[in-house]
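Worksheet: one structure, shown below.
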Amino acid sequence: MKRRAWLRWGCAHCAGFGVLAAARAADGAPPAPVDDAYEPPARFVRPDIATDEGGLWALMDREETRLRRSAFRMREDALAGYLTALVCRLAGEHCPDVRVYPVRTPYFNANMAPNGMMQVWSGLLLRVDNEAQLAAVLAHEIGHYLRRHSLEMLRDVRSRTAFGAFLGLFGIVGLVGQMANIASLMAFSRDKEREADRISITLLKKSGYDAGEAAKIWAHLLAEARATPDVDPSKNSVLFATHPPSDERRQTLENLALGSTGRTGASEFRAVMAPLRRTLLEDEIKRNRPYESVELISRLLGHEPGSAELLHFRGEGFMLRATPGDADLAWADFQAAVQTGQPLPVTHRALGALHRKRNEPAAARDAWQRYLELAPSAPDAALIRQALEELKT
Ligand SMILES: [Zn+2]
136 MKRRAWLRWG
146 CAHCAGFGVL
156 AAARAADGAP
166 PAPVDDAYEP
176 PARFVRPDIA
186 TDEGGLWALM
196 DREETRLRRS
206 AFRMREDALA
216 GYLTALVCRL
226 AGEHCPDVRV
236 YPVRTPYFNA
246 NMAPNGMMQV
256 WSGLLLRVDN
266 EAQLAAVLAH
276 EIGHYLRRHS
286 LEMLRDVRSR
296 TAFGAFLGLF
306 GIVGLVGQMA
316 NIASLMAFSR
326 DKEREADRIS
336 ITLLKKSGYD
346 AGEAAKIWAH
356 LLAEARATPD
366 VDPSKNSVLF
376 ATHPPSDERR
386 QTLENLALGS
396 TGRTGASEFR
406 AVMAPLRRTL
416 LEDEIKRNRP
426 YESVELISRL
436 LGHEPGSAEL
446 LHFRGEGFML
456 RATPGDADLA
466 WADFQAAVQT
476 GQPLPVTHRA
486 LGALHRKRNE
496 PAAARDAWQR
506 YLELAPSAPD
516 AALIRQALEE
526 LKT
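The sequence shown runs 136 to 528 under my numbering.
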């Protein structure tokens with residue numbers, strides 16, 4: 136059952152919109168096929184509160200109010216403005232109806248609630264390489280929205296006991312643990328996923344992006360999901376349960392994008408993410424999936440080989456993974472970070488700990504003193520001072 140669930144490879148809880156398209160289909164007017172000439176439908180009208188769909192929208196409005204107040208919502212203006220501009224470029228005239236919220240949760244995910252509330256999780260922001268890849272995920276969600284895929288799913292789920300959990304998912308807080316269970320309930324059919332993927336490629340092309348970037352995301356996620364030995368990713372990875380990547384999907388996206396030329400927007404994306412990335416890397420390490428973290432950060436280092444920040448956090452990943460040889464690999468990364476001339480203060484702290492393990496008290500002292508010079512008011516400064524005292528005795 137679990138395996139079947141992830142094979143459905145849906146963006147499990149990217150719930151798009153609903154009722155009008157269903158009504159239109161009932162009137163015998165099928166939605167236009169998705170190809171390069173695809174034209175999105177006109178803006179949707181907010182459903183009357185007295186209707187079935189209107190009631191669902193009202194529930195989602197309440198979840199949106201909770202999300203706005205949540206400590207998990209990322210409040211950086213530059214990021215919010217950037218995401219909104221990106222959604223508007225892709226969604227065209229539907230722009231005023233889609234409100235996008237970045238949420239600090241270290242897993243790859245994006246979803247769209249029926250009232251137009253879109254979430255983008257910080258784990259996704261850490262994992263995409265450029266604006267085109269981010270746009271590909273947003274365009275996929277917009278694809279579900281434009282096709283109003285989710286209403287039938289919402290109704291279906293509502294008739295089951297999991298509806299409370301389903302609503303809670305849009306409210307985000309504390310739900311990561313439950314997500315794998317909910318994912319199978321919320322996955323769209325393969326046909327709907329294919330349709331959203333097709334729409335995403337046409338929207339990317341229209342907006343001037345290199346649509347070839349879309350397939351790369353799935354290749355990266357696959358590599359990450361397979362990084363941990365002897366672990367079935369469908370059982371242990373929220374990433375796999377909610378957005379199961381597959382070779383087939385990657386291949387299909389690659390074929391759809393064939394011949395696409397356009398921009399990737401790598402430098403624009405990096406400029407927006409630079410002030411936030413350290414926090415996202417800290418969150419990534421706290422996830423305690425070191426094989427995945429090392430895989431991910433090694434890939435990021437491929438784009439920025441001299442990044443002291445990335446070198447530090449891959450070192451942390453090696454320390455956490457702790458397989459034979461990992462302490463040496465961590466050592467090499469921390470040293471390389473110092474050699475950039477601009478290491479994070481915490482790199483000195485980590486080196487101090489490694490020196491102490493190697494029974495090199497003088498070097499440990501130097502490293503920790505350097506840490507305290509650079510970060511005198513760090514939360515663990517008192518602890519490090521105490522460790523320094525112990526080294527002297
Ligand atoms: Zn989807």
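Glycine included, every Cβ here is placed at the ideal spot set by N, Cα and C.
Asked: Among residues of its own chain, excluding the 5 on either side of residue 161, which ones have a beta-carbon nearer than 7 Å to its beta-carbon?; Found: Any answer about residue 161 is weak, because its pLDDT of 36 lies below 50 and its placement is not dependable; what the coordinates show is given next. Nothing meets the Cβ criterion.
Asked: Given this structure, state the Cα-to-Cα distance separating residue 391 from residue 482, to the nearest angstrom.; Found: 44 Å
Asked: My assumption, with CB atoms under 8 Å, is that residue 403 sits in contact with residue 266. Please give the rounded CB distance.; Found: 5 Å
Asked: Kindly identify the DSSP beta-bridge partner or partners of residue 466.; Found: Bridge partners of residue 466: none, in fact.
Asked: Shorter than 7 Å, the distance from the beta carbon of residue 328 to the closest heavy atom of ligand 1, or not?; Found: yes
Asked: By the DSSP assignment, the alpha helix (DSSP H) with residue 238 in it spans what residues?; Found: Careful: residue 238 lies outside any alpha helix (DSSP H), inside the beta strand (DSSP E) at 234 to 238.
Asked: Does DSSP put residue 344 in a helix, in a strand, or in coil?; Found: strand
Asked: Please report the straight-line C-alpha distance between residue 337 and residue 192, rounded to a whole angstrom.; Found: 28 Å
Asked: Taking all protein chains shown into account, decide if residue 421 is buried (16 or more other Cβ within 10 angstroms of its Cβ) or exposed.; Found: exposed
Asked: Tell me the rounded alpha-carbon separation between residue 527 and residue 492.; Found: 15 Å
Asked: What alpha helix (DSSP H) runs, 4 residues minimum, are completely inside the segment 213 to 284?; Found: 257 to 262 and 266 to 282
Asked: Find the nearest neighbour of residue 465 within the set 476, 437, 432 and 496, judged by alpha-carbon distance.; Found: 432
Asked: Between residue 452 and residue 184, what straight-line distance do the alpha-carbon atoms span, to the nearest angstrom?; Found: 50 Å
Asked: With three or more beta-carbon pairs closer than 8 Å as the criterion, would you say the segment 241 to 248 touches the segment 212 to 224?; Found: no
Asked: In three-state terms, what does DSSP make of residue 208?; Found: strand
Asked: Would you kindly report the start and end of the unbroken alpha helix (DSSP H) that includes residue 452?; Found: 443 to 456
Asked: Taking the DSSP output, what are the residues bridged to residue 398?; Found: 344
Asked: Pair every Cβ in the segment 172 to 187 with every Cβ in the segment 221 to 239, then say whether three or more of these pairs are closer than 8 Å.; Found: yes
Asked: What do you reckon, is the C-beta of residue 275 under 7 Å from a heavy atom of ligand 2?; Found: Absence of ligand 2 is noted for the structure shown, with ligand 1 being the only ligands found.
Asked: What number of angstroms, rounded off, separates the C-alpha of residue 514 from the C-alpha of residue 503?; Found: 14 Å
Asked: What is the DSSP secondary structure of residue 387, reduced to helix, strand or coil?; Found: helix
Asked: Give the secondary structure of residue 425 by DSSP, where H, G and I count as helix, E and B as strand, and everything else as coil.; Found: helix
Asked: Note down, in chain order, each residue of its chain lying with its Cβ closer than 6 Å to the Cβ of residue 397, except the 5 sequence neighbours on either side.; Found: 343, 344 and 345
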